[in-house]
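> Chains as they are written, first to last, in this note's numbering: chain A, 20 to 130; chain B, 5 to 119.
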Amino acid sequence: GENVEQHPSTLSVQEGDSAVIKCTYSDSASNYFPWYKQELGKGPQLIIDIRSNVGEKKDQRIAVTLNKTAKHFSLHITETQPEDSAVYFCAANTNAGKSTFGDGTTLTVKP
Amino acid sequence: NAGVMQNPRHLVRRRGQEARLRCSPMKGHSHVYWYRQLPEEGLKFMVYLQKENIIDESGMPKERFSAEFPKEGPSILRIQQVVRGDSAAYFCASSPRSQANEKLFFGSGTQLSVL
Chain A
20 GENVEQHPST LSVQEGDSAV IKCTYSDSAS NYFPWYKQEL GKGPQLIIDI RSNVGEKKDQ
80 RIAVTLNKTA KHFSLHITET QPEDSAVYFC AANTNAGKST FGDGTTLTVK P
Chain B
5 NAGVMQNPRH LVRRRGQEAR LRCSPMKGHS HVYWYRQLPE EGLKFMVYLQ KENIIDESGM
65 PKERFSAEFP KEGPSILRIQ QVVRGDSAAY FCASSPRSQA NEKLFFGSGT QLSVL
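#1: For chain A, check one thing: does any of its Cβ atoms lie closer than 8 Å to the Cβ of D60(B)?
#2: Would Y55(A) and I69(A) be called neighbours here (beta carbons separated by less than 8 Å)?
#3: Excluding the 5 residues flanking Y51(A) on each side, which residues of the same chain have their C-beta closer than 6 Å to its C-beta?
#4: Could you tell me the alpha carbon to alpha carbon distance between V16(B) and A92(B), rounded to whole angstroms?
#5: Alpha carbon to alpha carbon, what distance is there between V87(B) and S79(B)?
#6: Please tell me whether K61(A) and S112(B) are closer than 8 Å, where the distance is taken between their beta carbons.
#7: Alpha carbon to alpha carbon, how far is H26(A) from E76(B)?
#8: When you compare only the Cα positions, how much space is there between R26(B) and K55(B)?
#9: Any beta-carbon of chain B closer than 8 Å to the one on A121(A)?
#10: Is DSSP giving D78(A) helix, strand or coil here?
#11: Could you work out which residues of chain B lie near G62(A), taking near to mean beta carbons separated by less than 7 Å?
#12: Between D78(A) and chain B, is the shortest Cβ-Cβ distance under 8 Å, so that the two count as touching?
#13: Measuring straight from C-alpha to C-alpha, what distance separates K129(A) and A105(A)?
#14: Between the Cα of S117(B) and those of G7(B), V8(B), Q10(B) and E22(B), spot the shortest distance and give me the residue it belongs to.
#15: Using a Cβ-Cβ distance under 8 Å, would L47(B) count as near chain A?
#16: 8 Å is my cut-off, CB to CB: does D46(A) come that close to chain B?
#17: Name, in chain order, the residues that DSSP records as bridge partners for P53(A).
#18: DSSP three-state label for R88(B), please.
#19: To the nearest angstrom, how far is the alpha carbon of P63(A) from that of G20(B)?
#20: Spell out whether any CB of chain A is found under 8 Å from the CB atom of K107(B).
#21: State the Cα-Cα distance for the pair K87(A) and G7(B), rounded to the nearest angstrom.
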């Protein structure tokens with residue numbers, strides 16, 4: 020089955036700096052890669068996603084890149100703010116709705 | 005439009021008791037997924053259901069765990085004879101379709117604590 024690895028497990032940045040989280044996947048059949056943000060005591064919320072026919076997607080301060088050949092994808096957050104502090108999960112989908120998640124990255128943005 | 009509703013938010017059970025976790029999908033969504041999250045870990049897929057059908061239960065433990073999504077009412081994840089290792093956060097997600105690139109909408113989860 021699919022295996023998703025996520026790095027780093029923790030990331031601390033200064034407010035205003037950029038943050039990058041990287042994921043690799045194993046199944047070349049994966050074709051959808053969502054990113055979720057989970058705040059304390061809440062469920063994961065989708066923040067951005069990318070499909071396998073696209074190399075990059077941007078939404079304001081958040082961008083995601085995908086390299087299908089290397090089987091890795093990354094989340095980029097620019098101009099970080101304290102409210103960006105949360106746990107971020109990458110995921111990869113092959114079958115309908117059955118996302119395989121990475122183990123998460125705890126992002127701390129220091130004011 | 006209410007989101008995915010899960011209840012209870014917190015559930016405490018003693019070893020050997022039964023736990024019932026409920027999930028009402030978003031309006032118009034007929035696909036439900038259950039995930040389990042252990043502390044400081046990612047979410048692990050358990051089961052995927054459509055109305056009255058289990059589509060994929062490859063992530064469900066073979067014993068003590070069962071799930072249903074009846075024609076009327078919420079989806080239920082049932083854990084019989086709970087053990088301490090069942091303590092975790094259980095999340096439900098829903099989607100309107102079953103395509104691989106369909107977005108999932110998650111509930112706030114049920115935190116199960118087994119004493």
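Glycine residues also receive a C-beta, built at the ideal position from the N, C-alpha and C atoms.
Predicted model only: the values in this text are computed from it and were never measured.
Quick look at the numbers:
#1: Residue numbering aside, residue 60(B) sits at position 56 when the second sequence is read from its first letter. D60(B) counts as touching chain A.
#2: For the purposes of this step, residue 55(A) is identified with residue 36 of the first sequence, where counting begins at 1. For the purposes of this step, residue 69(A) is identified with residue 50 of the first sequence, where counting begins at 1. It is not a contact, given that the beta carbons lie outside the stated cut-off.
#3: Here residue 51(A) corresponds to residue number 32 of the first sequence, with the count starting at 1. These residues qualify, in order along the chain: R70 and N112.
#4: Within the second sequence, numbered from 1, the residue matching residue 16(B) stands at position 12. Within the second sequence, numbered from 1, the residue matching residue 92(B) stands at position 88. Rounded to the nearest angstrom, the two C-alpha atoms are 11 Å apart.
#5: As a first step, residue 79(B) is located in the second sequence; it is residue number 75 there, counting from the start. As a first step, residue 87(B) is located in the second sequence; it is residue number 83 there, counting from the start. When rounded, the distance between both Cα atoms is 22 Å.
#6: Taking the first residue of the first sequence as position 1, residue 61(A) is located at position 42. Taking the first residue of the second sequence as position 1, residue 112(B) is located at position 108. It is a contact, given that the beta carbons lie within the stated cut-off.
#7: In the first sequence, counting from the first residue as 1, residue 26(A) sits at position 7. In the second sequence, counting from the first residue as 1, residue 76(B) sits at position 72. H26(A) and E76(B): Cα-Cα distance of roughly 42 Å.
#8: By one-based count along the second sequence, residue 26(B) stands at place 22. By one-based count along the second sequence, residue 55(B) stands at place 51. Straight-line Cα distance between these residues: approximately 14 Å.
#9: The sequence position of residue 121(A) within the first sequence is 102, counting from 1. Before going on, a small fix: residue 121(A) reads as Gly here, not Ala. Chain B contact via Cβ: present.
#10: Counting from one through the first sequence, the residue named residue 78(A) turns up at place 59. Three-state DSSP puts D78(A) in a strand.
#11: Residue 62(A) sits at position 43 when you count from the first residue of the first sequence. The answer, in chain order, is F95, F110, G111, S112 and G113.
#12: Walking along the first sequence from the start, residue 78(A) turns up at place 59. No, its Cβ sits nowhere closer than 8 Å to a Cβ of chain B.
#13: Locating residue 129(A) in the first sequence gives position 110, counting from the first residue. Locating residue 105(A) in the first sequence gives position 86, counting from the first residue. Cα-Cα distance, rounded: 12 Å.
#14: For the purposes of this step, residue 117(B) is identified with residue 113 of the second sequence, where counting begins at 1. Of G7(B), V8(B), Q10(B) and E22(B), the residue nearest in Cα terms is E22(B).
#15: Here residue 47(B) refers to the residue found at position 43 of the second sequence. So yes, L47(B) belongs to the interface.
#16: The sequence position of residue 46(A) within the first sequence is 27, counting from 1. No, its Cβ sits nowhere closer than 8 Å to a Cβ of chain B.
#17: Locating residue 53(A) in the first sequence gives position 34, counting from the first residue. DSSP, once it has assigned bridges, lists D68(A) as partnering P53(A).
#18: Position 84 of the second sequence, counted from the first residue, corresponds to residue 88(B). Three-state DSSP puts R88(B) in a helix.
#19: Within the first sequence, numbered from 1, the residue matching residue 63(A) stands at position 44. Within the second sequence, numbered from 1, the residue matching residue 20(B) stands at position 16. Approximately 30 Å between the Cα atoms of the pair.
#20: For the purposes of this step, residue 107(B) is taken as residue 103 along the second sequence, with counting starting at 1. K107(B) counts as touching chain A.
#21: The residue you call residue 87(A) lines up with position 68 of the first sequence. The residue you call residue 7(B) lines up with position 3 of the second sequence. One C-alpha to the other measures close to 33 Å.
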